[in-house]
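In the order they appear, the protein sequences are chains A and B.
If you're matching positions, the first sequence starts at 28 in the working numbering and goes up one per residue.
If you're matching positions, the second sequence starts at 5 in the working numbering and goes up one per residue.
For reference, the structure discussed in these notes is given below.
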Amino acid sequence: AQSVTQPDIHITVSEGASLELRCNYSYGATPYLFWYVQSPGQGLQLLLKYFSGDTLVQGIKGFEAEFKRSQSSFNLRKPSVHWSDAAEYFCAVVNNAGNMLTFGGGTRLMVKP
Amino acid sequence: SQTIHQWPATLVQPVGSPLSLECTVEGTSNPNLYWYRQAAGRGLQLLFYSIGIGQISSEVPQNLSASRPQDRQFILSSKKLLLSDSGFYLCAWNTGAGYGYTFGSGTRLTVV
Numbered sequence: 028a029q030s031v032t033q034p035d036i037h038i039t040v041s042e043g044a045s046l047e048l049r050c051n052y053s054y055g056a057t058p059y060l061f062w063y064v065q066s067p068g069q070g071l072q073l074l075l076k077y078f079s080g081d082t083l084v085q086g087i088k089g090f091e092a093e094f095k096r097s098q099s100s101f102n103l104r105k106p107s108v109h110w111s112d113a114a115e116y117f118c119a120v121v122n123n124a125g126n127m128l129t130f131g132g133g134t135r136l137m138v139k140p
Numbered sequence: 005s006q007t008i009h010q011w012p013a014t015l016v017q018p019v020g021s022p023l024s025l026e027c028t029v030e031g032t033s034n035p036n037l038y039w040y041r042q043a044a045g046r047g048l049q050l051l052f053y054s055i056g057i058g059q060i061s062s063e064v065p066q067n068l069s070a071s072r073p074q075d076r077q078f079i080l081s082s083k084k085l086l087l088s089d090s091g092f093y094l095c096a097w098n099t100g101a102g103y104g105y106t107f108g109s110g111t112r113l114t115v116v
């Protein structure tokens with residue numbers, strides 16, 4: 028069965044600092060990977076996705092993520108964090124049939140002024 | 005363009021009362037539809053998914069049920085709510101493995 032682990036439950040960074048959120052997955056085949064962001068009380072917004080090809084994918088809001096098969100990782104990065112980035116971030120993997128999206132436990136990002 | 009509607013946005017219900025949450029999708033046909041629940045301070049748990057009218061798969065045994073009476077309508081129900089049913093319920097859709105999931109804005113259910 029597929030699974031996703033986000034080791035960091037909470038992360039606090041200063042505004043303007045760089046950010047990396049960790050994600051490790053377990054899936055037997057080539058994974059389809061996603062990062063979503065959830066602002067308080069809101070639904071989930073897709074930041075970026077990896078299906079194949081270039082292992083460094085660019086997303087919205089200045090985010091990027093790198094797929095590393097050897098490490099089973101799909102870490103999310105941003106070079107300079109803005110206060111509006113404070114939210115909860117979820118990494119997810121979907122099976123090849125596309126009908127089973129599994130989320131990690133989420134990482135809550137807080138941004139200090 | 006495709007849109008997903010979920011209502012109500014918030015709901016407060018007494019223990020033992022029934023529940024009906026509705027989700028509809030516009031601008032696409034034969035979508036895969038999903039219900040997720042997010043309990044306070046926890047991640048997202050898949051409750052049900054449907055690949056077609058009348059086809060429902062349940063991922064977690066619970067006090068809830070789902071139905072898909074029309075192609076683009078997905079309903080989450082309960083006959084008698086429990087306190088533990090409180091949470092944030094999210095509906096989502098996709099059209100296959102090559103596409104990401106699109107989520108609705110969610111329903112916050114509080115059972116009192």
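For every residue, glycine included, the Cβ atom is placed at its ideal position computed from N, Cα and C.
Fair warning: this is a prediction, and the values are worked out from it, not measured in the lab.
Chain B contacts from the segment 51-69 of chain A (Cβ-Cβ distance under 8 Å): Listed by position along the chain: Y59, F61, Y63, G68, Q69.
Per-residue contacts from A/N126 into chain B (C-beta, under 7 Å): Here the neighbours are N36, Y53, I55.
Contact under 8 Å by Cβ, A/G132 with B/G47: In this structure, B/G47 lies closer than 8 Å to A/G132 by Cβ.
For A/Q65 and A/F101, believed in contact at Cβ under 8 Å, the rounded distance: Between A/Q65 and A/F101 the Cβ distance is about 17 Å, and since that is not below 8 Å, they are no contact.
A/Q65: first and last residue of the uninterrupted beta strand (DSSP E) it sits in: 59-65 is the extent of the beta strand (DSSP E) around A/Q65.
Start and end residues, beta strand (DSSP E) containing A/I38: Run containing A/I38: 37-41, per the beta strand (DSSP E) assignment.
Simplified DSSP assignment, three categories, for B/R112: In this structure, DSSP gives B/R112 an extended state, which the three-state scheme calls strand.
Partners in chain B for A/F117, counting only beta-carbon separations shorter than 8 Å: The answer, in chain order, is G47, L48.
Contacts that A/K88 makes with chain D (C-beta to C-beta distance below 7 Å): The question asks about chain D, but that chain is absent: this structure's protein chains are A and B.
Contact list for B/Y105 against chain A, beta-carbon separation under 7 Å: Correct list: L128.
Residue from A/S53, A/S41, A/P34, A/S45 with nearest C-alpha to A/E91: Looking at the Cα atoms, A/S45 is the closest of the given residues.
Three CB pairs or more closer than 8 Å across the segment 57-66 of chain B and the segment 15-29 of chain B: Of all C-beta pairs linking the segment 57-66 of chain B to the segment 15-29 of chain B, fewer than three are shorter than 8 Å, placing the two stretches out of contact.
Inter-residue CB distance, B/L180 and A/L71 (contact presumed, cutoff 8 Å): Limits of chain B in this structure are 5 at one end and 116 at the other, which puts residue 180 of chain B out of reach.
Cut-off 6 Å between Cβ atoms - residues of its own chain near A/K76, not counting five sequence neighbours on either side: Around A/K76: F61.
CB contact below 8 Å: A/G132 versus chain B: Answer yes: the Cβ-Cβ gap between A/G132 and chain B drops below 8 Å somewhere.
Bridge partners - B/L50, DSSP secondary structure assignment: Paired residues: B/Y40.
Inter-residue spacing [alpha-carbon to alpha-carbon] between B/T14 and B/I79: Computed Cα separation, rounded: 16 Å.
Simplified DSSP state of B/L87, which is helix, strand or coil: Correct three-state label for B/L87: helix.
With 16 other Cβ atoms within 10 Å as the buried cut-off, status of A/A119: By the neighbour-count definition (other C-beta atoms within 10 Å, threshold 16), A/A119 is a buried residue.
Reduced DSSP category for B/G56 - H, G, I as helix; E, B as strand; rest coil: The answer is strand: DSSP assigns B/G56 an E or B state.
Burial state of B/R76 (16 or more Cβ within 10 Å): Flag for B/R76 reads buried.
Run of the beta strand (DSSP E) containing B/S81, from where it starts to where it stops: Residues 77-82.
Residue-level contact to chain A via CB, B/L94, 8 Å cutoff: Output row for B/L94: interface = yes.
When B/V115, B/P12, B/T99 are compared against B/G31, the one with the closest alpha-carbon: If we check each option's Cα against that of B/G31, B/T99 comes out closest.
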